[in-house]
Structures are given as C-alpha cells and as structure tokens.
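The next block holds one structure in the form of structure tokens; read it before the comments.
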Amino acid sequence: MMKKLLLLILTSLFFLLVACGDETEESEQSKESGSDEAFTIGVIPAQTEGSMQEAMDELQATLTDKLDREVLVEVYPDYNGVVEAMNFDKIDMAYFGPLTYVIANAKSGAKAIITQLIDGEPFYRSYIITNKENEWNTLDELLSDPSEIDFAFGDPNSTSGSLIPSIELQDRGVYQSEDEHSFNSVRFTGSHDATALAVQNNQVDAGAIDSAIYNQLVESGKVDGKQIKTIWESEKLFQYPWAVRKGTDEETIGALKEAFLSIDSEVILDAFGATGFTEASNEDYESIRQAAVKQGIIEE
C-alpha cells in the first residue's frame, strides 16, 4: 500500500514538473516574440514651447486600437536620445528629423515608412530668420559683416536647424563649427521654438529654423510673425520620417501604415503642423544622407 502511494506521489510530481516546464517555455517564447509586450515609439522634441502630451496620448490610444496591441509613445528630451534608443533596441519605432533618421539608418538599419503632409505636400524648408527691426533683407546683407552677428542654430542634430544652414554658411566661408566661425557668437538653442523666440526678443540677430514649425508657431500665436522676417530659405527637404527598427515584420509595418494613413484627428495633426500622413521610404532621404556624408556625420 505504501509503495503504491509513493508511486502515485512520484508520478504526480513528474507530470507537475513537466507542466511547469512547458509553461515556462511558452512564457519565454512569448517574451522572445514580443507578442505580449508593448510596441514602443520614441518622438523627437520638435518643440519645447507648449505640451505635446495631449496629442501623444491620443496618438497612443489610436495606434493601440488600430494595432490591437498596447502602444506606448514617449517624447524624448533631445534628438540624440531617440537615435540611441533605436540603436540599442529600446524602442520599436521613432519619429525622427531627416538627419537623425539617416544617422539611425546608418547605425542600426532603421527603416522609414511614413511621413507627414504639410498643405498636402511631404516637404518643408530650412529658414534663416531675423527680427523685422533689423536692416537685413537677404542673407548676403546679413553676412556683409559677420563679426557683428550673433547667430543661433537649433539642436545640433536638426536638419533644418543645423545641418542645412551650416552647409550654406560653410559654402559662404563664414562658418566651420561652433568654435570656428566668423560670427560674433554662435549658439545652439536646442529647439526651433527657442530659436524663434530668441530672434523675436533680439537675443540673437538671426537663426535657423524649420519652415513648417515656424509657420505653426506663428499660427498658434506662440511667436509674433509680425516681428520676424525670413531672409533665406533652402531647397525643398523631405518631411520628418516615422521609422521602424531593423527586422520589423511586414505585417506590423502594413498595420502601422494603415493606422497612420487613417488618422484625421486635428489634435494629432496639429501637434506636427500636418494635414495628413503619407508613405515614405529610405530613398526619400538620399539628399540628406549626402549632406551628412559631406559634413562627416556619417560615412558613405
């Protein structure tokens, strides 16, 4: 009787251990596949003036519903933080500036899939702006005596706030780096709205800014467009991309494209100064890639 009872206990224990092992294996497989994990999105801080939180909360809820999976959207404190988060697989998707995108693409294979439309077009420009009280109406006039000029860029990793205008100023022989230039002073404000306010308040003589964000700041009343004038603009630049990390499956990419293309929320669109979204590809950023190569930011 005792032997039978012992055999019954040992048999039950064996099946219990097998069951636990299967459950652990299934749990590990689920964790590896990421099916039960949130889909994470990092967003560059296009603006610091005013909160994007309401729009990001709505975007998070919209994508969670469309993907039938928990989505978490986080605005990062600086451009480089989003690139590094993508490089180290901390996020699944990112909203980049064009320059930060080509850096992330070169470093970790990030893949552009969506961009925004501004008045129906996926383009914007880099502006150099000054206060309307100033006498300069062109960049040539501004640079007639650069030693008297205090100039502002935005974030060092910004396409329109740093890369493109720095190449223009480099070609004109007045700028090489923050430490090597012909200006009275050069500063990096960290964001487009900070640059606009610095120009408006005569804290600097001129500054470089994203045209779409500048127009958005004027329309929202965050800066006074009557106090600012544009004295230079670049060629067209392809709009900011939303990119997924390398290896993202086609089913997820398709679901993301479908979700973004269906967004018509004014709250979300206004946060990006957009009128809608459209598809994007890596090839759309070739001119930015070549500019980054020219400046030694990435290798060809």
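Throughout, the numbering used here is defined as the position within the sequence shown, counted from one, plus 146.
From the three backbone atoms N, C-alpha and C, an ideal C-beta is built for every residue, glycine too.
| For Val439, which of helix, strand or coil comes out of DSSP? | helix
| task | Give the secondary structure of Met202 by DSSP, where H, G and I count as helix, E and B as strand, and everything else as coil. | result | helix
| Asp296: which of Val364, Ile399, Val248, Phe329 sits nearest, CA to CA? | Phe329
| task | Give every residue of the same chain whose Cβ lies closer than 8 Å to the Cβ of Ala401, excluding the five residues on either side of it in the sequence, and list them in chain order. | result | Lys212, Leu213
| query | If you count every other CB in all the chains shown that lies within 10 Å of the CB of Lys392, and 16 or more means buried, which is it? | reply | exposed
| request: Note the first and the last residue of the continuous beta strand (DSSP E) segment covering Asn277. | output: 272-277
| message | Tell me the DSSP secondary structure of Thr208 in three-state form. | response | helix
| request: Name the residue from Ser304, Gly353, Leu343 whose alpha carbon lies nearest to the alpha carbon of Gly367. | output: Leu343
| task | Could you tell me whether the Cβ atoms of Tyr270 and Ala201 are closer together than 7 Å? | result | no
| query | By a C-beta neighbour count over all protein chains shown, 10 Å radius and 16 as the cutoff for buried, is Leu154 buried or exposed? | reply | Confidence at Leu154 is low in this model, with a pLDDT of 46, below 50, so its placement is unreliable and the value that follows should be read with caution. Per the 10 Å Cβ criterion, exposed.
| query | Per DSSP, what kind of secondary structure is Ser331 in: helix, strand or coil? | reply | strand
| field | Host alpha helix (DSSP H) of Lys403 (start-end) | value | 396-407
| query | Between the C-alpha atoms of Lys382 and Thr276, what's the straight-line distance to the nearest angstrom? | reply | 21 Å
| query | Are Tyr386 and Gly227 touching if we call contact CB-CB under 7 Å? | reply | no
| said: Below 8 Å on the Cβ atoms is my contact criterion, and I expect Ile187 with Gly419 to pass it. Report the Cβ-Cβ distance as a whole number of Å. | reply: At roughly 19 Å, the Cβ-Cβ gap does not stay under 8 Å, so Ile187 and Gly419 are not in contact.
| said: If I measure Cβ to Cβ from Gln316 and keep anything under 7 Å in the same chain, skipping five residues before and after, which residues do I get? | reply: Gln322
| request: Take Trp378 and list the residues in its own chain whose beta-carbon comes closer than 6 Å to its own, dropping the five residues that flank it on each side. | output: Ile274, Leu285
| said: With three or more C-beta pairs closer than 8 Å as the rule, is the region 417-431 touching the region 287-301? | reply: no
| query | Roughly how many angstroms lie between the CA atoms of Thr394 and Ser254, to the nearest whole one? | reply | 12 Å
| field | Nearest residue (CA-CA) to Asp430, options Leu288, Pro268, Glu324 | value | Pro268
| request: Please report how far the alpha carbon of Lys257 lies from the alpha carbon of Ile399, in whole angstroms. | output: 10 Å
| Val219 to Asp203 span [Cα, whole Å] | 7 Å
| If you compare alpha carbons, which of Pro191, Asp416, Ser306, Ala354 is closest to Gln362? | Asp416
| How big is the Cα-Cα spacing for Thr208 and Gln262? | 16 Å
| request: Return the chain-ordered list of same chain residues with a C-beta closer than 6 Å to the C-beta of Ala240, the five sequence neighbours on each side being excluded. | output: Gly188, Val228, Met232, Ala389
| Same chain only: Cβ atoms within 6 Å of Ser380, ignoring 5 sequence neighbours per side | Arg271, Ser272, Ile310
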